[in-house]
Amino acid sequence: MSRTFERGSPIFEDERPLTDDWDPEELPERDEELGQIHNALAPAIRNTGVGPHNMFLFGKTGQGKTAGVEFKLDDLVAAANDAGLNITTVQYNCAGDSSSYHVLINLVERLTGDNLNGHPISKITDEFFDAVTEIGGTVIIVLDEIDNIGTSDEILYSIPRAKSNGNIPDDMHLSIIGISNNFKFRDNLSPKVKDTLFDEEIHFAPYDANQLRSILERRADQAFKESVLEDEVIPLCAAHAAQDKGSARQALRYLYKAGELAANTGSDMVTEHHVRTAQDRIDRKNIEKGIREMTVQDQLTLTAVVALEVEGKTPAKTTELYARYKDIATEIDANIRTQRSVRDHLLELDLMGVITATKKQTGNRGGPHYVFELASDLGMTLDILSEDSRIGDAIDVVTANRSIQEYLD
Numbered sequence: 002m003s004r005t006f007e008r009g010s011p012i013f014e015d016e017r018p019l020t021d022d023w024d025p026e027e028l029p030e031r032d033e034e035l036g037q038i039h040n041a042l043a044p045a046i047r048n049t050g051v052g053p054h055n056m057f058l059f060g061k062t063g064q065g066k067t068a069g070v071e072f073k074l075d076d077l078v079a080a081a082n083d084a085g086l087n088i089t090t091v092q093y094n095c096a097g098d099s100s101s102y103h104v105l106i107n108l109v110e111r112l113t114g115d116n117l118n119g120h121p122i123s124k125i126t127d128e129f130f131d132a133v134t135e136i137g138g139t140v141i142i143v144l145d146e147i148d149n150i151g152t153s154d155e156i157l158y159s160i161p162r163a164k165s166n167g168n169i170p171d172d173m174h175l176s177i178i179g180i181s182n183n184f185k186f187r188d189n190l191s192p193k194v195k196d197t198l199f200d201e202e203i204h205f206a207p208y209d210a211n212q213l214r215s216i217l218e219r220r221a222d223q224a225f226k227e228s229v230l231e232d233e234v235i236p237l238c239a240a241h242a243a244q245d246k247g248s249a250r251q252a253l254r255y256l257y258k259a260g261e262l263a264a265n266t267g268s269d270m271v272t273e274h275h276v277r278t279a280q281d282r283i284d285r286k287n288i289e290k291g292i293r294e295m296t297v298q299d300q301l302t303l304t305a306v307v308a309l310e311v312e313g314k315t316p317a318k319t320t321e322l323y324a325r326y327k328d329i330a331t332e333i334d335a336n337i338r339t340q341r342s343v344r345d346h347l348l349e350l351d352l353m354g355v356i357t358a359t360k361k362q363t364g365n366r367g368g369p370h371y372v373f374e375l376a377s378d379l380g381m382t383l384d385i386l387s388e389d390s391r392i393g394d395a396i397d398v399v400t401a402n403r404s405i406q407e408y409l410d
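Each step along the sequence shown adds one to the number in the numbering used here, with nothing skipped, and position 218 is 219.
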């Protein structure tokens with residue numbers, strides 16, 4: 002039987018509060034972090050000769066970093082307008098950019114309409130400073146997902162140093178807010194960047210289950226019809242997200258997908274079953290996408306974890322995984338990285354939710370160390386890794402003492 006499209010929904014009142022691009026009117030779970038952002042921006046409105054402080058915000062995805070910055074910048078601009086002050090914000094997401102050069106090209110195009118791709122970075126930098134000088138007053142540059150530029154961090158030095166280097170006039174202020182999901186990026190910045198960028202360093206810790214529950218309840222009040230959510234729905238979404246990444250975005254996706262499943266199957270209630278089905282689908286899809294988009298070295302590192310998981314030897318230390326990693330890399334004739342590099346890849350896989358890293362203390366003499374085990378479904382992970390025939394063959398060789406066919410069937 003064919004289905005017809007119908008207006009309205011017995012489940013949803015307004016779906017927008019459940020989407021990623023919804024701007025919340027309040028962020029009570031981030032009062033402390035908002036206070037820190039407020040204090041860093043406050044010099045701009047005091048108008049006492051200095052500009053807002055440079056800031057670096059870091060934390061896992063879905064922790065309210067971008068929303069918190071936008072929330073306080075809106076407050077700042079409104080206060081500046083009331084006071085007759087010239088404050089301009091420029092927000093740019095660096096996803097897709099791999100260097101300071103690419104970020105500067107896109108910022109210049111955003112500000113002037115000119116695309117300077119192919120020109121020397123010195124010319125592009127000069128054009129950028131000319132553009133912000135034309136704006137005048139106080140200019141705040143927000144660079145979201147700044148970790149995409151890797152070690153090409155010149156922009157994070159040149160913007161904070163613009164006035165002292167004579168790139169902008171003395172009567173204006175230029176500040177930068179960097180936002181990153183990658184903890185390692187902060188540690189790998191050059192010393193000169195750390196000295197200039199870290200006026201204020203603000204960590205957004207993962208939300209706990211109670212915080213996520215409060216966020217979901219506020220959004221659900223706007224998004225759903227009255228009394229269509231079973232009592233267990235919101236606590237279950239919040240608990241699962243808190244145990245995984247502590248991400249509000251993840252919790253909202255569970256709730257939204259559960260509502261869609263109810264609506265699409267003709268149910269008049271969103272139930273615990275809808276939530277569990279939504280969780281399974283979303284988690285599997287995210288992990289599948291993440292594994293397929295991994296670099297070769299990430300996949301080799303994950304394959305080492307999988308190999309030891311198949312053999313029942315996890316949780317495993319970095320040294321144990323590194324030995325297996327070298328076997329796998331040798332088998333497919335791939336470059337062998339250092340043990341420290343492989344440990345970094347392991348921690349990145351933990352951030353993705355594909356494996357779990359647990360910090361352990363080794364007696365009185367030994368310091369802390371990590372042990373790692375697979376967090377994603379073993380069969381699914383083997384299926385996806387085996388899509389690359391070289392890695393599939395390597396798995397067969399390095400786990401020759403244990404049959405893995407049961408997982409691949």
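Beta carbons: idealized from backbone N, C-alpha and C, even for Gly.
Beta-bridge analysis with DSSP links Lys-318 to Val-372. Three or more beta-carbon pairs drawn from the stretch 128-139 and the stretch 168-184 are found closer than 8 Å, and the two stretches are therefore classed as touching. For the pair Pro-44 and Gly-60, the Cα-to-Cα distance works out to about 25 Å.
Taking 8 Å as the upper bound for CB-CB distance, Ala-239 and Ala-210 are in contact here, some 5 Å apart. With a threshold of 16 other beta carbon atoms within 10 Å, Asp-148 meets it and is buried.
Taking 8 Å as the cut-off, the Cβ atoms of Gly-65 and Leu-28 count as close. Rounded to whole angstroms, the separation of the alpha carbons of Arg-250 and Pro-207 is 11 Å.
Beta-bridge partners assigned by DSSP to Glu-201: Met-56.
In the three-state reduction of the DSSP assignment, Phe-13 falls in the strand class.
Along the stretch 155-204, the alpha helix (DSSP H) occurs as fully enclosed runs of 4 or more residues at 156-159, 184-189 and 192-198, listed in sequence order. Listed as beta-bridge partners of Ala-358 by DSSP are Phe-373. Of Asp-397, Asp-75 and Pro-192, the smallest CA-CA separation from Thr-152 is found for Pro-192. Note on the stretch 234-280: whole alpha helix (DSSP H) runs with a minimum of 4 residues are 234-245 and 249-265, in chain order.
For Leu-77, DSSP records no beta bridge to any residue.
Taking 8 Å as the cut-off, the Cβ atoms of Ala-264 and Phe-6 do not count as close. The shortest CA-to-CA distance from Thr-296 to any of Gly-260, Tyr-323 and Ile-392 is the one to Ile-392.
For Phe-130, the three-state secondary structure derived from DSSP is helix. Residue state for Asn-211 is assigned as helix, using DSSP reduced to three classes. Listed in chain order, the non-local C-beta contacts of Thr-113 below 8 Å within the same chain comprise Glu-128 and Ala-132, local neighbours out to five positions each way being set aside. Counting other Cβ atoms within 10 Å of its Cβ, Lys-73 reaches 16 or more and is therefore classed as buried. Between Ile-235 and Leu-262 the beta-carbon gap is near 15 Å, outside 8 Å, which marks them as no contact.
DSSP places Gln-300 inside the alpha helix (DSSP H), whose first and last residues are 297-311. In this structure, DSSP gives Phe-225 an extended state, which the three-state scheme calls strand. About 4 Å separates the CB atoms of Ile-156 and Ser-101; that is less than 8 Å, so the two are in contact. Of all C-beta pairs linking the stretch 250-259 to the stretch 276-287, three or more are shorter than 8 Å, placing the two stretches in contact. When only Cα atoms are considered, His-54 and Gly-354 end up about 34 Å apart. Pairing Glu-71 with Glu-30, the inter-Cα distance amounts to about 15 Å. Taking a C-beta distance under 8 Å as the contact criterion, Pro-161 and Thr-134 do not qualify as a contact pair.
Taking C-beta separations shorter than 7 Å and ignoring five residues to either side along the sequence, the partners of Tyr-323 in its chain run Gln-340 and Val-343, following chain order. With 16 or more other Cβ atoms from the protein chains shown falling within 10 Å of its own Cβ, Ala-81 counts as buried. Between Leu-386 and Thr-304, the beta carbon gap of about 6 Å places them in contact (Cβ cut-off 8 Å). Asn-94 is bridged by DSSP to Asp-145. Nearest C-alpha to Ala-358 among Val-372, Glu-349, His-346 and Asn-116: Val-372.
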